[in-house]
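Everything on this sheet refers to the single structure shown next.
Residue numbers (the working numbering): 1161 to 2086.
Next comes the structure, spelled out in structure tokens:
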């Protein structure tokens, strides 16, 4: 019974190679010594060469187990299995067949070695057959070199002796042939008869083989992993193939029986030099990669053993070249038990290094290996995988990893929140996920949420920033540096500069990012003067041993100086940067050129542009913008033609300048030229040309632009959506404008303002005001432009009460201080309604001096109701502000005429003629 069970198990192991042969064998019981059992008879060929005998196929391997089926007697009879106790029928244990020294591949290799003397003999023989024999011997050796390796791999006939002898035979044959060709120059050559023709590549090839033999001998004395690190690679195989082909051609060129022997020398010599180059390249590559490969292979061996993980982690953490390591690590056949013994730090370090090196594919392979082994990543490992996908822009994969965590902890939550804040197209996604988490946040959590608010851009509600500020304060990390910097940016996006400044002033320690955040925040509201004052505070802090400004600081300050035309302060900022030893990168150079160009110092800006050590597309864009802002269109065009670095920004600057200077007719031609140069319009290009080019005010042009937006997936850009809404509105297709708005998912303040303006322009003021209320209900914060559009609509419709409500809600509900545009709109509403006294009171309450637009609205209101006294009062102020505006003279003269004061009307008209002005009559065909 035991014997039958053992037989059944052994047969099952042989039939199902699921287990290794060693695992399938049953340990033998101790047995007494017995006489050696004679080996079973076999054919001579099978016994020596392990060649298949006619009746049984391939012979058994010397290491084959007793369940391999066929006997060794050549009859095809099944070998009898020994009893379960390990004793044979005669009482003696079965003895394994001693390993055979000679196999067919080994015999072929020995034949190549034996052929070397015959090669030398025939080479120096005289006679018509000698060269043919030499070529034939070498060609046969080359064929057997490939054949013995093929047989050894396919039939598993490799032996240690054969592995040792094969490279020896190859090198001996090649070296002998090279020496022979060098000692007896070629008789036929189309290249040169110089003695160095074959000597140079021969020395390179033989020297490489000697060096590699020494390297492999030393590697063999170390350990198996080191030896495998310098194994033959594909480069060495290409080297061997070119060597064999080159030497065959050169030997054949000596054969007089070949009529093309002279034509064989050039390709033979060329291949020999190519082989020498490959030999040197493979040697350098092996030496360069040896140390890294040794570490990699050693790590793989340790991982497969499931031990020494601390050493593995240390080696991998300090590895500079991880490509081969990741490839082996992610494809190794790790068993689940081994993987269970691995510390989570190993996979975490691997995933982190994948992200740092940009090896997304290798990181995904590691993740897939963990999945196939049914290993659920821990929170620590999962957070590293999320970081890997986040750094490589794979937000969807990062979310899948997070969703698979059974109980995510704070580390995992922080990782996914950071990923969402960096890559989510919806800035509120991180906030919604955090609200549903119920996790207790730390400073990293709040910093990630604040980063998502910064990505949302302007239009953020200050309540959200205030809630996060309160959360950070209650948790005790309100003074954290990163949290404070994020709060400054969040409040700036919400246009709550008072709170942003309060956070900045309360910071116990500030770095340069803190200063830059607040300096940049002042620019968003057009408060450039405050930006310069803050820079002066930074300079004073720097004098007291504080932080120093960097290139970002200087760039931001120069932008403010350019807007204010503050040349002296800009020069002061550059002097401070120079005294601080600031390294001027290309971005800083571009800001300096742009500063001088926008301030009208075009000659100096052009000199700086020529002196720049390196120029890019932004450099030329800054100079072109300066030329266009000052009306120098020809100079801008000349510089554009001379520019050697033209990017999309350069084209956009030129197109915008042409539109700004009234050259709309040239825009389409320039657009075609840009596309002909292989540069396609981007979202900025569309935002520039669509509101201004006449083509896009027609239905055909709007549809063409819309089709281009769909094809290039620009539909999520708020600026492009706003331009499309404006184009369809101007073409008279309000329904299509509404459709574009409704299909837009991420609706920003710009998109809402555009649709409100389009609806109001088509006369549906009530619907426009309803859209404004929907905008506020959706959580989108209006800006000053939105209120200008709404107040203008109220002025056209005569909705005084609604206009007053909107005007007062700007400061009360949204914290937006009205600017000149809103005051002008509100005064226009009051004037058109005949409420001139209220309008004049509002002018007197303005926190700044009214401009011509404000007084003009009041003058039109006075003319509408016939208030001559107020009209004259307003006209006198307009005469001081803009004395050459013919419209003011015409309105005042008509006001006098309607009141019957003809003399005063004639005086106003004489004033118009006295200053050299005349009213240009309208023309319907111009």
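Glycine included, each C-beta is placed from N, C-alpha and C at the ideal position.
Secondary structure note for residue 2059: it is in no alpha helix (DSSP H), with a DSSP letter that is neither H nor E.
Annotated three-state conformation of residue 1315 is coil, per DSSP. A distance of 8 Å or more separates the beta carbons of residue 1937 and residue 1914. Inter-residue distance for residue 1707 and residue 1981 is about 39 Å (C-alpha atoms, whole angstroms).
For a cut-off of 8 Å, the C-beta gap from residue 1843 to residue 1891 is around 21 Å, too long to register as a contact.
When the five nearest sequence neighbours on each side are left out, the beta carbons in the same chain lying within less than 6 Å of the beta carbon of residue 1672 are those of 1707, 1710, in order along the chain. Per the C-alpha coordinates, the member of 2055, 2050, 2059 positioned closest to residue 2069 is 2050. Residue 2045 and residue 2021 have their C-alpha atoms roughly 18 Å apart. At a cut-off of 4 residues, the continuous stretches assigned as alpha helix (DSSP H) that sit fully inside the segment 1598–1673 are 1603–1615, 1622–1635, 1641–1653, 1657–1666. Cβ contact annotation for residue 1935 (same chain, cutoff 7 Å, sequence separation greater than five): 1912, 1942, in chain order. Residue 1735 carries a helical assignment under DSSP once its states are collapsed to helix, strand and coil. The three-state reading of DSSP puts residue 1962 in helix, counting H, G and I together. Within the segment 1758–1833, the complete alpha helix (DSSP H) runs of at least 4 residues fall at 1762–1771, 1777–1789, 1793–1802, 1808–1820.
Put simply, the backbone Cα of residue 1581 is about 36 Å away from that of residue 1965. In this structure, residue 1572 places its C-beta atom within 8 Å of the C-beta atom of residue 1543. At the C-beta level, residue 1765 and residue 1786 come within 8 Å of one another. Annotated as proximal: residue 1962 and residue 1929, with beta-carbon spacing under 8 Å. Comparing alpha carbon positions, the residue from 1294, 1314, 1358, 1278 closest to residue 1265 is 1314.
For residue 2062, the number of other beta carbons within 10 angstroms of its own is below 16, and it is reported as exposed.
Secondary structure at residue 1310: helix, using DSSP grouped into helix, strand and coil. When the alpha-carbon of residue 1408 is set against those of 1825, 1359, 1333, 1439, the nearest one is in 1333. Counting other Cβ atoms within 10 Å of its Cβ, residue 1650 reaches 16 or more and is therefore classed as buried. With fewer than 16 other CB atoms across the displayed protein chains lying within 10 angstroms of its CB, residue 1285 is exposed. Residue 2052 and residue 2031 have their C-alpha atoms spaced approximately 7 Å apart.
Under the three-state reduction of DSSP, residue 1322 is assigned to helix. Ranked by Cα distance from residue 1919, the options 2056, 1908, 1312, 1952 are led by 1952.
In the structure shown, residue 1677 falls within a helical segment according to DSSP collapsed to helix, strand and coil. Sequence-distant Cβ neighbours of residue 1681 in its own chain, meaning closer than 8 Å and more than five residues away, are 1648, 1649, 1651, 1652, 1657, 1660.
Residue 1372 and residue 1440 have their alpha carbons spaced roughly 11 Å apart. Buried is the label assigned to residue 1557, since at least 16 other Cβ atoms lie within 10 Å of its Cβ. Residue 1640 sits buried, since 16 or more C-beta atoms from the chains shown fall within 10 Å of its C-beta. Counted as a single uninterrupted DSSP element, the alpha helix (DSSP H) harbouring residue 1555 occupies residues 1555–1563. DSSP places residue 1695 inside the alpha helix (DSSP H), whose first and last residues are 1688–1703.
Excluding residues up to 5 positions away in sequence, 1714 lie with their Cβ nearer than 6 Å to the Cβ of residue 1737 in the same chain. The continuous alpha helix (DSSP H) containing residue 1987 extends over residues 1980–1992.
Assigned with DSSP and collapsed to three states, residue 1878 falls in helix.
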